[in-house]
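*Asks:* Protein sequences appear in the order of chains A and B. Be aware that the first sequence starts at 0, since it is given in numbering that gives the first Met the number 0, and climbs by one per residue. Be aware that the second sequence starts at 0, since it is given in numbering that gives the first Met the number 0, and climbs by one per residue. Let me begin by handing over the structure; questions about it come next.
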Amino acid sequence: MSLRQLIQTTILAGLIALPFTVQAGDAPTPEIPKAKEKATEEYGCVAPTDYMRKNHMDELMHKRDKTLRKGIRTRKFSLAECINCHVTPDEDGQFASFGEDEHFCSSCHNYASVSVDCFSCHRDTPEQTDYQHTFNTGDNPHHGKIALEGNKLSVETLQVLTEGDQQ
Amino acid sequence: MTNKTYNADLSRRHFFSKAAAAAGMAVAPGVFLRQVHARPAEQAATSEQRWGILIDTNKCAKGCDSCVTACMDENGWGRADASEDKSGPHQKAQWIRKVTIKDKQTGHVQSLPLMCQHCENPPCVDVCPTGASMKRADGIVLVDKHICIGCRYCMMACPYKARSFVHEDLEDQKVVAPRGKGTVESCTMCVHRVDKDGTPACVEACNADNHNAMYFGDLKDPNSEISRQLKDYGGEQLRADLGLNTGVRYQGL
Chain A
0 MSLRQLIQTT
10 ILAGLIALPF
20 TVQAGDAPTP
30 EIPKAKEKAT
40 EEYGCVAPTD
50 YMRKNHMDEL
60 MHKRDKTLRK
70 GIRTRKFSLA
80 ECINCHVTPD
90 EDGQFASFGE
100 DEHFCSSCHN
110 YASVSVDCFS
120 CHRDTPEQTD
130 YQHTFNTGDN
140 PHHGKIALEG
150 NKLSVETLQV
160 LTEGDQQ
Chain B
0 MTNKTYNADL
10 SRRHFFSKAA
20 AAAGMAVAPG
30 VFLRQVHARP
40 AEQAATSEQR
50 WGILIDTNKC
60 AKGCDSCVTA
70 CMDENGWGRA
80 DASEDKSGPH
90 QKAQWIRKVT
100 IKDKQTGHVQ
110 SLPLMCQHCE
120 NPPCVDVCPT
130 GASMKRADGI
140 VLVDKHICIG
150 CRYCMMACPY
160 KARSFVHEDL
170 EDQKVVAPRG
180 KGTVESCTMC
190 VHRVDKDGTP
200 ACVEACNADN
210 HNAMYFGDLK
220 DPNSEISRQL
230 KDYGGEQLRA
240 DLGLNTGVRY
250 QGL
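If you want it as structure tokens, here you go:
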């Protein structure tokens, strides 16, 4: 068998075997812990779930450089805020640490076998166990920002305030 | 746009204008008790400020370590970090330490806190091969641990021995001060507090103990307490001969 034939056969064998190997490695879908009550259905996350699933790492990467190098300490996409909402205590009030499947980040990352460096330096659990966001204020990472983007009135709100009586 | 929305906004606007008028009237028209300079969270730090600390060594009490313990508690190193247990005392983190100096001729003994001097021309930034060692626009010198490779070149370059290296895996770090194995760290001038218009933990602790040996403020604002103190009484740099223009100054050396 020439080298070329050998390669062809190997590739062919690999392609035939592919569906079987995928099936063999079929792990149970991870149970992703629910975020704290106030950040779920009624209020939503800082961005839609689909977006966060795909882009959370990029947002965190943007945020880390802005925070450390420029001192921009907004709460949206801040890792500490992610942890505060998403890492929830069990029945005994204990928090799972990163690496355990019960930890919000680990639940998916262990499943997908994607390693994370964040928690070799960053705290993996909320510091204040009774933490809850305050809602409907300008400082709020979620919905207060709709009207008060960056503590400034948004263009739409300004229009309402300034041109409202002309309509 | 519905009339309803408009009315709601109008009444809110009226409310705010009345509230503002009432606040202004409280002292005198156009005179407010204290001007607030807080930088909005989404605005980057600028070079309009340069943060500094002035330490009056005559007021710094011998044997007092309030500033050191306050820093430990705030940033989670030293006694506040139980996980760094395999490292020897010379290996453990030291963001700030108390140093005693003695004039051999006169026998005069002085005590002073020593930490990152937040140089204008920091040697640690010069030597860093990755750009992790950096100076913020407002003069605070930091380590970007995201890109620090732990080579410790900056530790060798620093004339004040202000930087430490973390040798062990850590747990339960403070939210405000991420720190981890394989990276270099040092005093951050409590940058997380400064960004929220606060004062570094060491300065706060010193004032709380009524020693009042430390002043924190903006070196570029001629009206700040630190600038007035420096103007009236001066302040020395440690190793001024190196021309680093430190952000931490000392009186009474």
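Cβ coordinates follow ideal geometry from the N, Cα and C atoms, glycine included. Remember, it's a predicted structure, so these values are computed and weren't measured experimentally.
#1: Against proline 177/B, what residues of chain A qualify as contacts under a CB-to-CB distance less than 8 Å, listed in chain order?
#2: Going by CA-CA distance only, name the one from Ile52/B, Phe164/B, Gln48/B and Ser110/B that's closest to glycine 87/B.
#3: Below 7 Å between beta carbons is the criterion; list the residues of the stretch 65 to 91 of chain A that meet it against any residue of chain B, in chain order.
#4: Would you call the stretch 176 to 196 of chain B and the stretch 99 to 110 of chain B in contact, with 3 or more CB pairs under 8 Å?
#5: Name, in chain order, the residues that DSSP records as bridge partners for lysine 134/B.
#6: Span of the alpha helix (DSSP H) holding tyrosine 152/B?
#7: If we call anything under 8 Å between Cβ atoms a contact, is arginine 162/B one with cysteine 123/B?
#8: Relative to the C-alpha of cysteine 44/A, which residue among Arg72/A, Ile82/A and Glu30/A is closest?
#9: Check each residue of the stretch 105 to 116 of chain B: if its Cβ is closer than 9 Å to any Cβ of chain A, include it; give the result in chain order.
#10: DSSP three-state call for arginine 96/B: helix, strand or coil?
#11: Do serine 96/A and aspartate 116/A have their CB atoms nearer than 8 Å?
#12: Threonine 182/B touches chain A at which residues, Cβ-Cβ below 8 Å?
#13: Is it the case that the stretch 37 to 49 of chain B contacts the stretch 206 to 225 of chain B, given that we only count it when at least three CB pairs across the two stretches are under 8 Å?
#14: In the DSSP assignment, the beta strand (DSSP E) including serine 110/B goes from what residue to what residue?
#15: Please state whether the Cβ-Cβ distance between tyrosine 159/B and proline 128/B is less than 8 Å.
#16: Find the residues of chain A that neighbour valine 174/B, judging by a C-beta separation of less than 7 Å, and give them in chain order.
#17: Can you tell me which of the three DSSP states aspartate 55/B falls into?
#18: For methionine 60/A, which residues of its own chain have a beta-carbon under 8 Å away from its beta-carbon, when the five flanking residues on both sides are left out?
#19: Report the option in Ala212/B, Arg192/B and Lys101/B whose CA atom is closest to the CA atom of cysteine 59/B.
#20: Are the CB atoms of asparagine 120/B and glycine 242/B within a distance shorter than 8 Å?
#21: Kindly list the residues whose CB is nearer than 6 Å to the CB of cysteine 157/B, restricted to its own chain and excluding five residues on each side of it in sequence; keep chain order.
#22: Using the C-alpha atoms, what's the distance from cysteine 66/B back to valine 202/B?
#23: By the 10 Å Cβ neighbour count, where 16 or more other Cβ atoms means buried, how is lysine 144/B classified, buried or exposed?
#24: For alanine 200/B, which residues from the same chain have a beta carbon less than 6 Å from its beta carbon, with the 5 sequence-adjacent residues on both sides left out?
#25: Which residues, in order along the stretch 140 to 163 of chain B, keep a beta-carbon less than 8 Å from a beta-carbon of chain A?
#26: Measure the alpha-carbon distance for cysteine 104/A versus leucine 111/B and round it to whole angstroms.
#27: Alpha carbon to alpha carbon, what distance is there between histidine 55/A and aspartate 231/B?
#28: Go to methionine 60/A, then tell me how far its alpha helix (DSSP H) extends in each direction, as first and last residue.
#29: Am I right that threonine 182/B and glycine 149/B are in contact with their C-beta atoms under 8 Å? What's the rounded C-beta distance?
#30: Below 8 Å CB to CB, which residues in the same chain sit around glycine 233/B once its five sequence neighbours on both sides are set aside?
#31: Can you tell me the Cα-Cα spacing of glutamate 224/B and glycine 138/B, whole angstroms?
#32: In this structure, how does DSSP classify glutamine 250/B when only helix, strand and coil are distinguished?
#33: Skipping 5 residues on each side, what residues in its chain have a beta carbon closer than 6 Å to that of glutamate 235/B?
#34: Once DSSP output is grouped into helix, strand and coil, what is the label at methionine 278/B?
#35: Run down chain A in chain order and give the residues with a C-beta less than 8 Å from the C-beta of valine 190/B.
*Replies:* On the basis of the coordinates in this document:
#1: Simply Cys120, His121 and Arg122.
#2: The shortest C-alpha to C-alpha distance from glycine 87/B to any of Ile52/B, Phe164/B, Gln48/B and Ser110/B is the one to Phe164/B.
#3: Those would be Leu67, Arg68, Lys69, Gly70, Ile71, Arg72, Thr73 and Ala79, in chain order.
#4: Output reads no: the stretch 99 to 110 of chain B does not touch the stretch 176 to 196 of chain B.
#5: Val140/B, per the DSSP bridge assignment.
#6: Element bounds for tyrosine 152/B: 152 to 156.
#7: In this structure, cysteine 123/B lies closer than 8 Å to arginine 162/B by Cβ.
#8: If we check each option's Cα against that of cysteine 44/A, Ile82/A comes out closest.
#9: Those would be none; no residue qualifies.
#10: Strand.
#11: Contact: no.
#12: Within 8 Å Cβ-Cβ: Cys120.
#13: They touch, by the three-pair rule.
#14: From DSSP, the beta strand (DSSP E) with serine 110/B extends over 108 to 114.
#15: Taking the C-beta atoms as reference points, proline 128/B is found no nearer than 8 Å to tyrosine 159/B.
#16: For valine 174/B, the C-beta contacts it makes with chain A under 7 Å involve Ala79, Arg122 and Glu126, in order along the chain.
#17: In this structure, aspartate 55/B counts as strand in the three-state DSSP scheme.
#18: Cβ neighbours of methionine 60/A within its own chain (closer than 8 Å, five residues either side excluded): none.
#19: It is Ala212/B.
#20: Asparagine 120/B is positioned such that its CB atom lies closer than 8 Å to that of glycine 242/B.
#21: Once the five neighbours on either side are set aside, the close Cβ partners of cysteine 157/B are Cys123.
#22: If you take the alpha carbons of valine 202/B and cysteine 66/B, they lie about 7 Å apart.
#23: Here lysine 144/B is buried: its Cβ has 16 or more other Cβ atoms, across all protein chains shown, within 10 Å.
#24: By the criterion of a C-beta distance shorter than 6 Å, alanine 200/B is surrounded in its chain by Ala69, Cys70, Glu73 and Cys189, once the five residues flanking it on both sides are discounted.
#25: Look at the stretch 140 to 163 of chain B: the residues with a C-beta under 8 Å from a C-beta of chain A are Leu141, Asp143, Lys144 and His145.
#26: So the alpha carbons of these two residues sit roughly 44 Å apart.
#27: The alpha-carbon atoms of aspartate 231/B and histidine 55/A are separated by roughly 52 Å.
#28: Start and end: 48 to 64.
#29: Going by Cβ atoms, the distance from threonine 182/B to glycine 149/B rounds to 6 Å, so yes, they are a contact pair.
#30: Excluding sequence positions up to five before and after glycine 233/B, its CB lies within less than 8 Å of the CB of Gln250, all in the same chain and listed in chain order.
#31: Their Cα atoms are separated by approximately 18 Å.
#32: DSSP places glutamine 250/B in strand when its eight states are reduced to three.
#33: Answer for glutamate 235/B: Tyr249 and Leu252, listed in chain order.
#34: Lying before the first or after the last residue shown, residue 278/B is absent from chain B, which here runs from 0 to 252.
#35: Those are Gly70, listed as they occur along chain A.
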